[in-house]
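Since the structure comes first, as structure tokens, the remarks are kept for the end.
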Amino acid sequence: MPAREKEYRRLPGVGTRGQGLVSVVAIRSRLWLGKDHLLCIDSQGFSEDYKRFYFRDIQAIILRRNAHGKMLNGGFGALGLIAAALGLVLFSAGSMIGAIVSASFAGFFLLVLLINVARGPTGVCHLRTAVQIEELPSLNRVRRARKVLNRIRPLIAEAQGRLDSEEIPVKMRELALAAAPTGADRLPMAAEGSNVPPRIAG
Amino acid sequence: MHGQHLRPACLEVGKKKGKIKSLENHRVLYDSTALALAVYPLLIFYLTLFTAPMALYLAVRHWNTPTSIIHRTKIRLVFAIVLATLEIIGWGMVIYFLATRL
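Protein chains in written order, with the numbering used here: chain A, 1367 to 1568; chain B, 5 to 106.
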């Protein structure tokens, strides 16, 4: 009997969706790859919310670096240094147990720091469609996000068609001409369609 | 929708009953709830007197209710039923022991 084909495949990464300053339940967000769409699952433990992003509807995926990783590194580094310094003070004062406890804390913070460094730079990823811009919390590491993007890029190209770099200016001109007013009394001020670049009246 | 033509009424009913999977945007995970009701109260054992029947009821009542949209097995429901049954049997034995000895 042939194995049942999986409807969704899990994409790497888990993130937490921000809900403001105070939140009772952490919302874990994960991305799954469907046949013709990306599925974002926000899990609250006992319930799940789903958002589907069809490949044909995706206009852009915006990835930018942020300083969260560096801030975490700074925090863990500082805590590790404080624990190590405390350990040295306790060791010089003759308290072996205190020194061992402090060294353990310093080692723990160093380990967390190393893990954070190894995971690579942090970032924020947004997905844009015609009706929304949605954050994808699971793609909060640049390396992981690029890996996922490389995986879904061919699927988006397959759904939307590929555009060569030479074709882009031609298509843009066509769109601009299509959106141009027919009457001579209308001054073009800005783009009317969401896909047309803005035109400034000369 | 996906090559199908649906009337608004059918669309509404399909969404409400969960028949059209691509329209679903929320699901309650009764299997996780039942398992949590069977496992977590073990930390404060007396709570299981109340939570074990609840877990058993949830697991049986929602045996056929779809769980996560991602394919999941019924293992959580099975564990919840087994654990809740054992807890209920345990309480039954305690009550029987107390009733016969006192």
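All residues carry an ideal CB built from backbone N, CA and C; glycine is no exception.
These figures come from a predicted structure and were not determined experimentally.
Asked                                                                                               : Found
Cα-Cα separation between Arg1418(A) and Leu1404(A), rounded to whole angstroms                      : 6 Å
6 Å CB neighbourhood of Lys1372(A) in its chain, flanking five on each side removed                 : none
Beta-carbon proximity list for Asp35(B), same chain, < 6 Å, skipping 5 on both sides                : Thr71, Arg80 and Leu81
Beta-carbon spacing of Ile1522(A), Ile1424(A) below 8 Å                                             : yes
Beta-carbon proximity list for Thr69(B), same chain, < 6 Å, skipping 5 on both sides                : Tyr34
Under the three-state DSSP convention, the category Ala1426(A) falls into                           : strand
Contact under 8 Å by Cβ, Pro1378(A) with Arg1485(A)                                                 : no
Partner residues on chain A for Asn29(B), Cβ-Cβ distance less than 9 Å                              : Asp1415, Tyr1416, Lys1417 and Arg1418
CB contact check: Val43(B) to chain A, cutoff 8 Å                                                   : no
Which of helix, strand or coil DSSP assigns to Glu1501(A)                                           : strand
Ala1557(A) versus Ala1545(A) - alpha carbon distance                                                : Interpretation of Ala1557(A) is limited by its pLDDT of 47, a score under 50 that renders its predicted location unreliable; the figure taken from the coordinates is listed afterwards. Ala1557(A) and Ala1545(A): Cα-Cα distance of roughly 7 Å.
C-alpha distance - Arg1376(A) paired with Val1514(A), whole-angstrom precision                      : 10 Å
Pairwise C-alpha distance: Ile48(B) and Arg1512(A)                                                  : 46 Å
For Arg1539(A) and Phe1475(A), the rounded distance between their alpha carbons                     : 56 Å
CB of Ser1468(A) within 8 Å of CB of Ala1449(A), strictly                                           : yes
Proximal residues to His66(B) (C-beta, below 8 Å), its chain only, five neighbours per side dropped : Tyr34, Asp35, Ala38 and Leu81
9 Å Cβ cut-off: residues of chain A touching Ile24(B)                                               : The contacting residues do not exist; Ile24(B) stays about 12 Å from chain A at best.
In DSSP terms, what His1434(A) is bridged to                                                        : Beta-bridge pairing links His1434(A) to no other residue.
Nearest-angstrom Cα separation, counted from Phe1471(A) out to Gly1446(A)                           : 7 Å
Through-space distance from Thr55(B) to Ala40(B), alpha-carbon basis                                : 10 Å
Counterpart residues of Thr1488(A) in DSSP-defined beta bridges                                     : Arg1507(A)
Closer than 8 Å to chain A by CB, Val17(B)                                                          : no
C-alpha gap between Pro12(B) and His30(B), whole angstroms                                          : 20 Å
Cα-Cα separation between Phe83(B) and Glu1500(A), rounded to whole angstroms                        : 37 Å
Integer Cβ distance of Ile1518(A) from Leu1429(A), believed to fall under 8 Å                       : At roughly 12 Å, the Cβ-Cβ gap does not stay under 8 Å, so Ile1518(A) and Leu1429(A) are not in contact.
Min CB distance Phe1412(A) to chain B below 8 Å                                                     : yes
Proximity test, Cβ basis, 8 Å: Lys1372(A) and chain B                                               : yes
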